[in-house]
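This report refers to the structure that appears directly beneath it.
Residue numbers (the numbering used here): 427 to 547.
Structural data, given as structure tokens:
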């Protein structure tokens with residue numbers, strides 16, 4: 427026995443494990459933050475689409491209402507279907523992926539409401 431506590435072949439193994447593990451941990455952290463951001467943005471898009479559809483069904487400016495509620499930079503589309511007498515509002519927003527170094531991810535939500543009797547076309 428040599429009496430040494432750490433054999434020579436294990437020397438520096440902590441540094442090597444840290445060098446491999448830390449970037450993997452950071453990647454996992456960024457992926458988790460991106461997922462949280464995507465879910466939050468989707469929830470805001472759903473709320474904006476619902477708000478716009480309800481106001482448009484009453485004959486009001488549904489697109490403006492959805493734009494006010496939607497995330498910054500979101501695209502809002504309002505479509506009216508005469509056959510079914512409904513209004514659909516679609517909100518599409520972009521989510522930054524991993525700090526902006528990758529292409530953005532698109533999140534879409536839509537809501538449909540029946541047009542109320544007497545509401546303007």
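Ideal placement from N, C-alpha and C gives every residue a C-beta, glycine not left out.
Flag this pair as yes or no: are the beta carbons of residue 502 and residue 478 separated by less than 8 angstroms?
Going by C-beta atoms, residue 502 is nearer than 8 angstroms to residue 478.
Exposed or buried, what is residue 497 when buried is set at 16 or more other beta-carbons lying within 10 Å of its beta-carbon?
Buried, since its Cβ has 16 or more Cβ neighbours within 10 Å.
Hey, could you find the ends of the alpha helix (DSSP H) residue 477 is sitting in?
439-483 is the extent of the alpha helix (DSSP H) around residue 477.
Would DSSP call residue 494 helix, strand or coil?
Three-state DSSP puts residue 494 in a helix.
Could you spell out the range, first to last residue, of the beta strand (DSSP E) harbouring residue 507?
Residues 501-507.
Cutting at 7 angstroms between CB atoms, please list the residues of its own chain near residue 530, excluding the five before and the five after it.
Only 520, 521, 522 and 523 meet the Cβ criterion.
Could you work out which residue in 506, 474, 443 and 458 is closest to residue 493 when comparing CA atoms only?
The option with the nearest alpha carbon to residue 493 is 474.
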